[in-house]
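2 protein chains.
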Amino acid sequence: MVNKKKTTIKDIANVLGITPSAVSKALNDHPRISKQTKAAVLQVAENLNYQPNHIATALRKGKSNLVGVIIPRANSNFFSSIIEKIEDILNEKGYNVIITQSNESYKKECQSIEALLFTQVDGIIASMANETVKLDYYNKIKQKGIPLILFDRGENDLNVDYVGIDDYMSSHIVIEHLVEQGCKRIAHIGGFSHTRIYKNRIRGYIDALKKHKLPFNEDLMYECNLRKSDGRDIMKKLLSLPVKPDGVYISGDYAALGALEALKAHNIKVPEDIAIVGFSNEPFSEIVTPGISSIEQHSEEIGRLAAETFLNRIDNPNEPVTLNKMILEPELIIRASSKRK
Amino acid sequence: MVNKKKTTIKDIANVLGITPSAVSKALNDHPRISKQTKAAVLQVAENLNYQPNHIATALRKGKSNLVGVIIPRANSNFFSSIIEKIEDILNEKGYNVIITQSNESYKKECQSIEALLFTQVDGIIASMANETVKLDYYNKIKQKGIPLILFDRGENDLNVDYVGIDDYMSSHIVIEHLVEQGCKRIAHIGGFSHTRIYKNRIRGYIDALKKHKLPFNEDLMYECNLRKSDGRDIMKKLLSLPVKPDGVYISGDYAALGALEALKAHNIKVPEDIAIVGFSNEPFSEIVTPGISSIEQHSEEIGRLAAETFLNRIDNPNEPVTLNKMILEPELIIRASSKRK
DNA sequence: TACTTTTGTTCCAACGTTTGAACAAATATA
DNA sequence: TATATTTGTTCAAACGTTGGAACAAAAGTA
Chain A
1 MVNKKKTTIK
11 DIANVLGITP
21 SAVSKALNDH
31 PRISKQTKAA
41 VLQVAENLNY
51 QPNHIATALR
61 KGKSNLVGVI
71 IPRANSNFFS
81 SIIEKIEDIL
91 NEKGYNVIIT
101 QSNESYKKEC
111 QSIEALLFTQ
121 VDGIIASMAN
131 ETVKLDYYNK
141 IKQKGIPLIL
151 FDRGENDLNV
161 DYVGIDDYMS
171 SHIVIEHLVE
181 QGCKRIAHIG
191 GFSHTRIYKN
201 RIRGYIDALK
211 KHKLPFNEDL
221 MYECNLRKSD
231 GRDIMKKLLS
241 LPVKPDGVYI
251 SGDYAALGAL
261 EALKAHNIKV
271 PEDIAIVGFS
281 NEPFSEIVTP
291 GISSIEQHSE
301 EIGRLAAETF
311 LNRIDNPNEP
321 VTLNKMILEP
331 ELIIRASSKR
341 K
Chain B
342 MVNKKKTTIK
352 DIANVLGITP
362 SAVSKALNDH
372 PRISKQTKAA
382 VLQVAENLNY
392 QPNHIATALR
402 KGKSNLVGVI
412 IPRANSNFFS
422 SIIEKIEDIL
432 NEKGYNVIIT
442 QSNESYKKEC
452 QSIEALLFTQ
462 VDGIIASMAN
472 ETVKLDYYNK
482 IKQKGIPLIL
492 FDRGENDLNV
502 DYVGIDDYMS
512 SHIVIEHLVE
522 QGCKRIAHIG
532 GFSHTRIYKN
542 RIRGYIDALK
552 KHKLPFNEDL
562 MYECNLRKSD
572 GRDIMKKLLS
582 LPVKPDGVYI
592 SGDYAALGAL
602 EALKAHNIKV
612 PEDIAIVGFS
622 NEPFSEIVTP
632 GISSIEQHSE
642 EIGRLAAETF
652 LNRIDNPNEP
662 VTLNKMILEP
672 ELIIRASSKR
682 K
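Those sequence lines, one after another, are chains A and B. In this text, residue positions in the first sequence follow this note's numbering: the first is 1, and each later residue adds one. In this text, residue positions in the second sequence follow this note's numbering: the first is 342, and each later residue adds one.
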């Protein structure tokens with residue numbers, strides 16, 4: 001049997017011959033309600049299978065207890081484990097999480113923001129699409145006065161909380177490792193430099209080359225969307241150079257996979273001829289042949305920090321919002337794709 | 342400047358010297374409101390940067406325009422592309438999608454259901470965790486009278502709409518292919534048989550063996566969680582048998598990856614010594630060495646059907662809910678892991 | 001002119017919950 | 001006993017929107 005009519009606080013009140021407000025207070029464990037009444041209310045609520053109407057509470061309290069999370073794509077271990085952690089922490093505090101994917105599209109991202117604001121979320125935790133350069137929609141969130149926390153892909157200009165890893169340092173770690181393995185001509189397949197994190201990786205790449213007295217060569221650096229196909233196509237271009245690189249640092253494991261595919265097609269030995277290092281430590285990176293060396297970004301930690309920062313903002317609504325960067329240390333996981341020794 | 346105080350319908354009414362209900366009707370393009378009033382309201386709404394309070398509408402209308410989606414894990418191409426499609430279709434119809442992950446845990450799944458019901462979603466589209474056997478929480482959804490659509494992982498007992506592929510037939514396609522490649526001793530690493538879809542695949546496996554006059558051997562069949570490590574561990578067991586299999590049909594690509602890892606460690610040639618076929622056609626399956634043959638489940642089509650079925654239920658609330666299975670045809674993508682000829 | 005219909009608006013109650021103020025009864029204090 | 005305090009509850013308004021009923025004014029019809 002389907003029970004369409006929902007039990008309300010009023011039904012409980014009628015059964016007990018008390019008022020709805022007494023019931024509400026009993027359910028919320030108000031100190032001025034007697035123990036007996038509370039017990040009785042709980043009992044009747046149980047019997048009638050009472051389910052509180054969250055929407056009414058939200059309207060009354062001006063708080064939806066919903067938090068929006070925007071990610072470029074769910075199909076990534078990095079993002080999905082961040083979300084898992086965010087959900088864990090926020091659910092425990094009574095929040096529900098609405099996840100939306102931008103699919104790396106600025107347009108979809110704007111729609112997501114619209115939709116989340118429309119749903120009256122209490123805050124937004126987001127990682128920006130690679131495509132995004134205009135910050136108008138993000139500013140809209142700020143203007144609403146609800147907390148906005150960025151992670152991984154952020155922009156300093158927004159002057160909000162940010163959680164991410166030290167991208168500049170990541171590049172240094174990667175280049176240092178490749179140099180140790182004997183690489184002398186290191187290429188970089190990066191994300192677009194208009195995105196802060198990729199810009200930092202590129203800066204890090206260039207500075208690290210300098211540090212190790214290796215020449216920087218424009219032909220060895222590409223910017224792309226870091227999809228598997230991008231990695232494959234750019235690798236092909238690198239292979240057609242008169243002097244090929246002997247090491248490639250790729251800003252994403254999907255692109256690194258694509259690059260490996262191209263190398264396989266050209267019968268080039270990895271890591272002997274060309275060493276490869278990726279980024280993000282996707283689960284497959286461990287098991288492809290050869291395993292892909294990659295930067296682990298400590299996604300759970302990022303998720304935890306993002307969620308806690310949100311909760312902190314909610315608890316301290318009057319604290320002025322400024323640029324507040326929480327930067328974690330990257331870790332290089334070395335695998336066969338770059339281990340020559 | 343942060344504008345905390347939100348503009349309401351009342352503010353617009355005050356500016357124009359009309360009543361809030363006139364404003365509401367104007368905004369909703371009510372036929373009895375004059376063109377001039379509508380234009381004026383729209384203008385003032387624009388000026389005051391009016392954003393409708395969705396929660397109030399939800400309370401009044403008894404409809405949240407939120408749809409919950411429960412998936413075992415987002416970190417899977419199959420599920421994330423289903424979600425993408427569901428979002429596409431439902432967003433267009435004014436719905437927002439709340440995605441939650443069960444992480445294959447029954448407990449987490451129950452929590453998700455609780456949370457979604459608490460948020461007053463208008464319906465739930467779900468794929469069950471492997472662990473799940475008790476249907477009490479799903480029955481709770483049914484009792485609430487809101488649409489419940491299952492996809493991929495479902496249970497006939499719930500008697501609701503279901504979208505998925507023909508698992509039984511998938512096994513037949515796989516076995517037929519392996520037999521064609523000359524396999525005579527085909528093992529199966531499957532999901533747990535208490536789950537309908539895995540049970541069907543197992544049934545299909547056994548029946549297909551029979552059909553091709555191959556003996557069914559209990560030692561060659563395992564049930565597991567289909568994680569990478571499960572694939573690896575079970576493959577090791579298969580390799581320790583006195584007579585090894587010459588083909589393995591694995592119900593998930595992650596497990597298939599693990600199996601390949603074990604085979605690699607034992608220097609066994611794929612597909613010559615042992616041919617491998619996986620399931621789900623994950624993106625990495627295409628590029629590992631060797632590429633993994635896999636069953637493509639047409640995830641977008643599943644997402645589309647699930648979303649449309651939900652909309653259909655919403656539009657026809659009085660139509661009685663019964664078992665309504667929409668079954669799609671599977672497609673085998675043949676790659677190096679099983680292509681001997 | 002008298003009556004009906006149409007048009008454009010206001011009125012009011014409702015959705016389910018919360019919360020401060022008010023109030024009566026019970027208990028404590030002098 | 002009179003007064004102050006505490007306890008347990010009710011009252012009433014509010015959150016922002018919606019939509020049917022009511023109603024006056026304008027327009028149409030006989």
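Backbone N, C-alpha and C fix where the C-beta goes; we use that ideal spot for every residue, glycine too.
Item: Give the straight-line distance between the Cα atoms of leucine 305/A and aspartate 498/B, rounded to the nearest whole angstrom.; Value: 42 Å
Item: In its own chain, which residues sit with a C-beta less than 8 Å from the C-beta of lysine 25/A, not counting the 5 before and 5 after it?; Value: Arg32 and Ile33
Item: Go ahead and pull the three-state DSSP assignment for isoleucine 439/B.; Value: strand
Item: Quick check: the Cα distance between glycine 403/B and isoleucine 412/B, rounded to an integer number of angstroms?; Value: 26 Å
Item: Is any beta-carbon of chain B found at less than 9 Å from that of proline 147/A?; Value: no
Item: Identify the contact partners of phenylalanine 151/A in chain B, using a Cβ-Cβ distance below 8 Å as the criterion.; Value: Per Cβ cutoff of 8 Å: no residues; phenylalanine 151/A is ~16 Å from chain B at best.
Item: Can you tell which of Ala262/A, Ile186/A, Arg60/A and Ser299/A has the C-alpha that lies nearest to the C-alpha of arginine 153/A?; Value: Ser299/A
Item: Closest by CA to methionine 326/A, which one among Ile173/A, Met128/A, Val160/A and Leu48/A?; Value: Val160/A
Item: Please go through the segment 280-316 of chain A and give each complete beta strand (DSSP E) segment of 3 or more residues, from N-terminal end onward.; Value: 293-296
Item: Find out if the Cβ-Cβ distance for the pair leucine 580/B, serine 678/B is shorter than 9 Å.; Value: no
Item: In terms of residues, what are the limits of the alpha helix (DSSP H) holding isoleucine 334/A?; Value: Run containing isoleucine 334/A: none; DSSP gives neither H nor E here.
Item: Which residue or residues does DSSP assign as beta-bridge partners of histidine 194/A?; Value: Histidine 194/A is not bridged to any residue.
Item: Mind checking isoleucine 350/B: buried by the 16 CB within 10 Å criterion, or exposed?; Value: buried
Item: Going by the C-beta, is proline 330/A closer than 8 Å to any heavy atom of the ligand MN?; Value: For the ligand MN, the structure offers nothing, since it holds no ligand at all.
Item: Which residues mark the beginning and the end of the alpha helix (DSSP H) in which phenylalanine 419/B is found?; Value: 418-433
Item: Can you tell me the Cα-Cα spacing of alanine 528/B and glutamine 522/B, whole angstroms?; Value: 15 Å
Item: Going straight from the alpha carbon of valine 248/A to that of glutamine 143/A, what length do you get?; Value: 43 Å
Item: Histidine 518/B and leucine 673/B look like a contact to me (Cβ under 8 Å); what is the Cβ gap, rounded to whole Å?; Value: 6 Å
Item: May I have the straight-line CA-CA distance separating isoleucine 514/B from glutamate 114/A, to the nearest angstrom?; Value: 45 Å
Item: In the segment 83-106 of chain A, which residues sit with their C-beta less than 8 Å from some C-beta in chain B, listed in chain order?; Value: Ile83, Glu84, Glu87, Asn91, Asn96, Val97, Ile98, Ile99, Thr100, Gln101 and Asn103
Item: May I ask you to verify whether the segment 129-142 of chain A touches the segment 101-112 of chain A, counting CB pairs closer than 8 Å and requiring at least 3?; Value: yes
Item: Can you tell me whether asparagine 324/A is helix, strand or coil according to DSSP?; Value: strand
Item: I want to see whether chain B comes within less than 9 Å of aspartate 54/A, judged by CB atoms only; does it?; Value: Reading the sequence as shown, one finds histidine at residue 54/A and not aspartate. Yes, histidine 54/A counts as interfacial toward chain B.
Item: Let me check one thing: in DSSP terms, what residues is leucine 150/A bridge-paired to?; Value: Ala126/A and Tyr162/A
Item: Where alanine 381/B and glutamine 392/B are concerned, what is the direct C-alpha to C-alpha distance, given to the nearest angstrom?; Value: 16 Å
Item: Can you round the beta-carbon distance between leucine 263/A and valine 288/A to whole angstroms, since I take them to be within the 8 Å contact cut?; Value: Between valine 288/A and leucine 263/A the Cβ distance is about 12 Å, and since that is not below 8 Å, they are no contact.
Item: Within 9 Å of any Cβ in chain A, is that where the Cβ of proline 624/B sits?; Value: yes
Item: Residues of the segment 254-280 of chain A in Cβ contact with chain B at a cutoff of 9 Å, in chain order, please.; Value: Tyr254, Leu257, Gly258, Leu260, Glu261 and Lys264
Item: Let me know the alpha helix (DSSP H) ranges lying completely inside the segment 346-419 of chain B, each 4 residues or longer, listed in chain order.; Value: 350-357, 361-368, 376-388 and 395-402
Item: To the nearest angstrom, report how far apart alanine 397/B and arginine 201/A are at their CA atoms.; Value: 46 Å
Item: Alpha helix (DSSP H) containing isoleucine 113/A: first to last residue?; Value: 106-118
Item: Verify whether the separation of the beta carbon atoms of aspartate 167/A and proline 330/A is less than 9 Å.; Value: yes
Item: Is the shortest distance between the beta-carbon of valine 288/A and the beta-carbons of chain B less than 9 Å?; Value: yes
Item: Identify, in the order they occur along the chain, each residue of the same chain with its Cβ nearer than 6 Å to the Cβ of glutamate 637/B, setting aside the five sequence neighbours on each side.; Value: Asn622, Glu672 and Ile674
Item: Any idea if threonine 19/A is buried or exposed, counting beta-carbon neighbours within 10 angstroms, 16 or more meaning buried?; Value: exposed
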